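Q:
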Amino acid sequence: MKTPVALPIVLVPSFSILALALVFAPRSPHSQPKPEAPKAKPGSMKAVTYAEDVAEILNTSCVRCHREGQNAPFSLEGYANAKRYSDMVALATGKRIMPPWKAQPGDVEFHDDAHLSDDQIATLAAWAEAGAPRGDAAKEPKPPKFTDGWVNGKPDMVIQMPYALNLEAEGHDEYWNFVVKPEITEPTWISGIDVEPGNKNIVHHVLVYLDKKGQGRKLAKGPEGDGKLGYLSSGGGIGFLPDGSLGGWAPGAHGRLLPANAGFLLEPGTDLILQVHYNKSGKAESDQSKVALYFNKQKPEHEVKLAFLANPFIRIEAGKSSQKFTYTFPLPEKIRGRQLVDVMLPRGAANGNPVDYRIYNLMPHMHLLGKTMKATAELPDGTKKVLIDVRDWDFNWQLVYTPIKPIDLPGGTRLILESEYDNSTNNRFQPNDPPKTVTWGEQTTDEMMLLVTAYSVIPKN
Numbered sequence: 013m014k015t016p017v018a019l020p021i022v023l024v025p026s027f028s029i030l031a032l033a034l035v036f037a038p039r040s041p042h043s044q045p046k047p048e049a050p051k052a053k054p055g056s057m058k059a060v061t062y063a064e065d066v067a068e069i070l071n072t073s074c075v076r077c078h079r080e081g082q083n084a085p086f087s088l089e090g091y092a093n094a095k096r097y098s099d100m101v102a103l104a105t106g107k108r109i110m111p112p113w114k115a116q117p118g119d120v121e122f123h124d125d126a127h128l129s130d131d132q133i134a135t136l137a138a139w140a141e142a143g144a145p146r147g148d149a150a151k152e153p154k155p156p157k158f159t160d161g162w163v164n165g166k167p168d169m170v171i172q173m174p175y176a177l178n179l180e181a182e183g184h185d186e187y188w189n190f191v192v193k194p195e196i197t198e199p200t201w202i203s204g205i206d207v208e209p210g211n212k213n214i215v216h217h218v219l220v221y222l223d224k225k226g227q228g229r230k231l232a233k234g235p236e237g238d239g240k241l242g243y244l245s246s247g248g249g250i251g252f253l254p255d256g257s258l259g260g261w262a263p264g265a266h267g268r269l270l271p272a273n274a275g276f277l278l279e280p281g282t283d284l285i286l287q288v289h290y291n292k293s294g295k296a297e298s299d300q301s302k303v304a305l306y307f308n309k310q311k312p313e314h315e316v317k318l319a320f321l322a323n324p325f326i327r328i329e330a331g332k333s334s335q336k337f338t339y340t341f342p343l344p345e346k347i348r349g350r351q352l353v354d355v356m357l358p359r360g361a362a363n364g365n366p367v368d369y370r371i372y373n374l375m376p377h378m379h380l381l382g383k384t385m386k387a388t389a390e391l392p393d394g395t396k397k398v399l400i401d402v403r404d405w406d407f408n409w410q411l412v413y414t415p416i417k418p419i420d421l422p423g424g425t426r427l428i429l430e431s432e433y434d435n436s437t438n439n440r441f442q443p444n445d446p447p448k449t450v451t452w453g454e455q456t457t458d459e460m461m462l463l464v465t466a467y468s469v470i471p472k473n
């Protein structure tokens, strides 16, 4: 059976989710069941201490979230805190619940990589089992330094939610969408954003979408709206297909600027939709988060667009514990001019100009039945490069993966997307009792097979 190949234009139902943002869920324990990490054999490791073995692991992969003033429920800064939670750390890392980094090490290196190796996990387990000894404090590494305020420097513009939202103490998570019109009078190139959560106790993540047609304003006046400039949505969507995105924020990460020669175009009259995902904390709280915009001082060489690489034809049969799909997206060797469109890849043209492609980040997306997702680039010479390999999908811990170096791909490359789903009763996130056949759809109880990527077309000459 041949692998399905996507048409140049892929029309899909309005999934209206996703953007270039990190999506964490610091208070959610959700995660597919996983095998225990390998444990060290007795006598196979030297005495493990905080000073020489554990501190560096925690500082690199845990403390960015587990520190004072951040969203994580406790701090792992310093020996005293680390010892207090040593058993919990060993348990959570042994089951690979923490840290919530899903990409496997591979052909592409990413910023903010918090992945722990089996050896590191075994080290944490051995340390906890030994009573969490400190060792020689003089040998402890220096604690990491974190920047307060805007980590990318003074922004060119700061926008914020149009009013403070009051959130009830108890209940389900809520996705609120706030409509903001930036005060610009001419086309403006955006190199990146950053976010200042107004209340880190309840802000789970913030995403920033582009809305050129005023659709968000209409929804704010509808049944899910608040009569102001905000409205509720479900399943992580914003209620319509966005015209693009500028990125977002989640615990442990910050907005990253694009290379100096690349940028998103923000046109006058475009609304920004600030989607804020709230976790309720057990007490009534309020939030009014802010977003910083950073401008390119001149028109960049490469415009950045979003491609939503989707297989809307998935059908996941009830009761199956493993069902796999493969879908292929060709990157045309030639296109007419440098015209880009949102949502889809450019249309090929036999008499067009030869082009290559540059990928700035990747965001896999599935729902509650998802197990794995892998994206591979098959180059014209047959060489294969794994771009992202998520083997432990969790809807509550979605990330945007930003390569340390943008990924350059020649025209004629095929992007191969593979995914696997579990629609059995063994899936503890199974939303249907009994399981039923599930297809593509907007609701969380539906499914998706989707990879969102920010990219540019690069002329060969």
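According to our numbering, the sequence shown holds residues 13 to 473 in order. Just so you know, even glycine gets a beta-carbon here, dropped at the ideal spot from N, CA and C. Computed from a predicted model, the values in this text were never measured in an experiment.
Taking the CB atoms as reference points, tell me whether residue 462 and residue 252 lie closer together than 8 Å.
A: No; because the gap between Cβ atoms is not below 8 Å, this pair is not in contact.
Q: In angstroms, rounded to a whole number, what distance separates the CA positions of residue 345 and residue 255?
A: Straight-line Cα distance between these residues: approximately 25 Å.
Q: Going by other Cβ atoms of all chains shown within 10 Å of its Cβ, with 16 needed for buried, is residue 440 buried or exposed?
A: The residue in question, residue 440, is exposed, as its Cβ has fewer than 16 Cβ neighbours within 10 Å.
Q: Should the region 126-145 be regarded as contacting the region 61-76, the criterion being three or more beta carbon pairs within less than 8 Å?
A: Verdict: yes, contact present.
Q: Would you kindly report the start and end of the unbroken alpha helix (DSSP H) that includes residue 139?
A: Segment 130-141, the alpha helix (DSSP H) holding residue 139.
Q: Quick one, which of 92, 84 and 147 has its alpha-carbon nearest residue 4's?
A: There is no way to answer for residue 4, as the model of the chain reaches only from 13 to 473.
Q: Assess, as a yes-or-no matter, whether the region 413-424 is touched by the region 390-397 under the definition of 3 or more beta carbon pairs within less than 8 Å.
A: They touch, by the three-pair rule.
Q: Terminal residues of the continuous alpha helix (DSSP H) containing residue 69?
A: From DSSP, the alpha helix (DSSP H) with residue 69 extends over 67-73.
Q: Since residue 468 and residue 279 are thought to touch, with beta carbons under 8 Å apart, how far apart are those beta carbons, to the nearest angstrom?
A: Not quite, the Cβ-Cβ distance comes to about 18 Å (not below 8 Å), so this is no contact.
Q: Could you check which residue in 330, 197 and 459 has the C-alpha nearest to that of residue 324?
A: The residue with the shortest Cα to Cα distance from residue 324 is 459.
Q: Below 8 Å on the Cβ atoms is my guess for residue 188 versus residue 217; work out the distance and round it to an integer in Å.
A: Incorrect: roughly 12 Å between the Cβ atoms, too far for contact.
Q: Just to check my reading of the structure: residue 300 and residue 175 have Cβ atoms closer than 8 Å, yes? What is that Cβ distance to the nearest angstrom?
A: Correct: roughly 7 Å between the Cβ atoms.
Q: For residue 186, which of 172, 244 and 370 has the nearest alpha-carbon?
A: It is 244 whose Cα lies nearest to the Cα of residue 186.
Q: When the Cα atoms are used, what is the spatial distance from residue 230 to residue 287?
A: In a straight line, the C-alpha of residue 230 is about 16 Å away from that of residue 287.
Q: Would you tell me roughly how many angstroms separate the C-alpha atoms of residue 31 and residue 224, rounded to the nearest one?
A: Because residue 31 carries a pLDDT of 33, less than 50, the predicted location of this residue cannot be relied on, and the following value inherits that uncertainty. Computed Cα separation, rounded: 15 Å.
Q: Residues in its own chain within less than 7 Å of residue 97 by CB, not counting five upstream and five downstream?
A: Excluding sequence neighbours, residue 97 sits near 86 and 88.
Q: In this structure, does DSSP put residue 435 in helix, strand or coil?
A: In the structure shown, residue 435 sits in coil (DSSP, three-state: anything other than H, G, I, E or B).
Q: I'd like the list of long-range same chain contacts for residue 465, defined as Cβ closer than 6 Å, with 5 residues on each side in sequence excluded.
A: These residues qualify, in order along the chain: 319, 371 and 374.
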